[in-house]
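Reviewing the structure listed below.
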Amino acid sequence: MSATDVVTLDRGNGTSCRIHRFGATVISWMCKNEEHIFVSSKAIFDNKKAIRGGIPIVFPNFGPWECGPQHGFARIRTWQLSQPPTKDSTGNIMATFTLEDTEDTRKMWNHRFKLTYKMTLLEETLQMEFTIENTGTEEFAFTCLLHTYFRVPDVRTVTISSLKGLTYTDKVKDDAKDVEQRDLVSIQENVDRVYIDTPTEHAIGNTAGGKTLLLQKYNLPDTVVWNPWQEKAAAMADLGDDDYVTMVCVEAGAVATPHTLAPSHSFQARQTFVVSA
Ligand code: TA6
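Residue numbering for the sequence shown follows my numbering, beginning at 22 and increasing consecutively.
Okay, here's the thing in structure tokens:
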């Protein structure tokens, strides 16, 4: 991994964010010396395979895709650093990455687009603003998601709020639909669920350092919760056998129904992490 592959935002005081230009994948968010992002002990950084961990960007398709690789191509392309790290008057640091269609993306999916991904590092907050522009002459439909791997001491003690009463698709049970009954969702087995029309904020308990993280989202109406658990983790070459214990994916996305974007129109979404307590 060469230095030019990774962009660092550093506020000092043990607070920084590192973004790999491959996939514009956030690979670290340190807040007061606590790392909140999980990256697999066996992650491959060959600029070919999606980085296992961090915050991969899923576009133009969440899940298996008839046009190309699962979860689309955004996470397996090198993005441009269009705005290098810049500090504003309040000490917040921001950087912007962009990705536009190319001949090879058009071979898979014949549409013109520009993605813009703006990271802002605040004192105890990380904000990600994601914009999809249709720069072509035809409308297109897409799904998208920020596939966050949170680093946790033990996934079995993690709690996720604000899912009670919501319908979810259970990908572990052949996409069976069900309704969440629990006030706080915990994970004690392989979980792969797409919760539909979720609230704009989840509190994730017992994350790194025992902290509660708030995941706040705008225009990302669905929430995916995933952990491969022991058996599936062991079958993944780029995930350490025991890595599943120290990770949990809570993913903000617009995935339940495709979103249609007209020419010259934009889709804007945001995800913010706040260290709450
Ligand atoms: O977000 C959950 C999920 O869709 C799971 O079904 C699992 O496939 C995970 O993404 C990882 O997918 P990947 O293509 O990165 O191995």
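Think of the CB as a built atom: it goes at the ideal place given N, C-alpha and C, for glycine as much as any other residue. Since we're looking at a predicted model, the values are computed, not measured.
Heavy atom of the ligand TA6 within 7 Å of residue i beta-carbon
{"i": "V47", "result": "no"}
Residue range of the unbroken beta strand (DSSP E) whose run includes residue i
{"i": "A275", "result": "M268 to L282"}
{"i": "R172", "result": "Y170 to R172"}
{"i": "Q148", "result": "T146 to N155"}
{"i": "E222", "result": "E222 to G226"}
{"i": "T188", "result": "T188 to D191"}
{"i": "K139", "result": "F134 to L142"}
{"i": "T126", "result": "That residue, T126, is in no beta strand (DSSP E); its alpha helix (DSSP H) goes E124 to M129."}
{"i": "Q101", "result": "Q101 to K108"}
{"i": "A116", "result": "I114 to E121"}
{"i": "K198", "result": "A197 to V200"}
{"i": "S49", "result": "T46 to C52"}
{"i": "G75", "result": "Here G75 belongs to no beta strand (DSSP E), and DSSP marks it neither H nor E."}
{"i": "I40", "result": "T36 to H41"}
Cβ-based neighbour list, residue i, same chain, cut-off 7 Å, excluding 5 preceding and 5 following
{"i": "D204", "result": "K185"}
{"i": "E160", "result": "T281, L282, A283 and P284"}
{"i": "C52", "result": "T36, E145 and V296"}
{"i": "F43", "result": "D26, N68, I72 and T99"}
Local Cβ density within 10 Å of residue i, reported as buried at 16 or more and exposed below that
{"i": "M140", "result": "buried"}
{"i": "D333", "result": "In the structure as shown, the chain begins at 22 and stops at 298. Residue 333 is therefore absent and cannot be evaluated."}
{"i": "A258", "result": "exposed"}
{"i": "K194", "result": "exposed"}
{"i": "R73", "result": "buried"}
{"i": "H132", "result": "buried"}
{"i": "A256", "result": "exposed"}
{"i": "P81", "result": "buried"}
{"i": "M128", "result": "In the sequence under discussion, the amino acid at residue 128 is Lys, which differs from the Met named in the question. Exposed: under 16 other Cβ atoms inside 10 Å."}
{"i": "G33", "result": "exposed"}
{"i": "N227", "result": "buried"}
{"i": "S183", "result": "buried"}
Beta-carbon separation (whole angstroms), residue i vs residue j, contact threshold 8 Å
{"i": "T137", "j": "T117", "result": "6 Å"}
{"i": "F134", "j": "I153", "result": "6 Å"}
{"i": "V269", "j": "F171", "result": "5 Å"}
{"i": "G261", "j": "S49", "result": "With a Cβ gap of about 17 Å, G261 and S49 do not count as contacting."}
{"i": "W247", "j": "D218", "result": "With 8 Å as the limit, W247 and D218 do not qualify as a contact, their Cβ atoms being about 18 Å apart."}
{"i": "V173", "j": "S207", "result": "Wrong, their Cβ atoms sit about 12 Å apart, outside the cutoff."}
{"i": "N240", "j": "A290", "result": "4 Å"}
{"i": "G89", "j": "W130", "result": "7 Å"}
Contacting residues, own chain, Cβ-Cβ under 6 Å from residue i (five flanking each side not counted)
{"i": "A277", "result": "I217 and D243"}
{"i": "L167", "result": "I76, A273 and Q292"}
{"i": "G150", "result": "For clarity, residue 150 is Glu in the given sequence; the question names Gly instead. K139 and R291."}
{"i": "S103", "result": "T117 and T119"}
{"i": "R39", "result": "V27, T29, I48 and S49"}
Sequence-distant residues of its chain with Cβ nearer than 8 Å to residue i (five each side left out)
{"i": "L187", "result": "V200, E201, Y216, I217, D218 and T219"}
{"i": "V266", "result": "D175, V176 and R177"}
Terminal residues of the alpha helix (DSSP H) in which residue i lies
{"i": "K253", "result": "W250 to A255"}
Test: residue i CB closer than 8 Å to a CB of chain E
{"i": "N227", "result": "Among the protein chains of the structure shown there is no chain E, as only one such chain exists."}
Could you name the residues whose beta carbon sits closer than 6 Å to any heavy atom belonging to the ligand FMN, keeping them in chain order? In the structure on display, the ligand FMN does not appear, and the ligands it does have are the ligand TA6.
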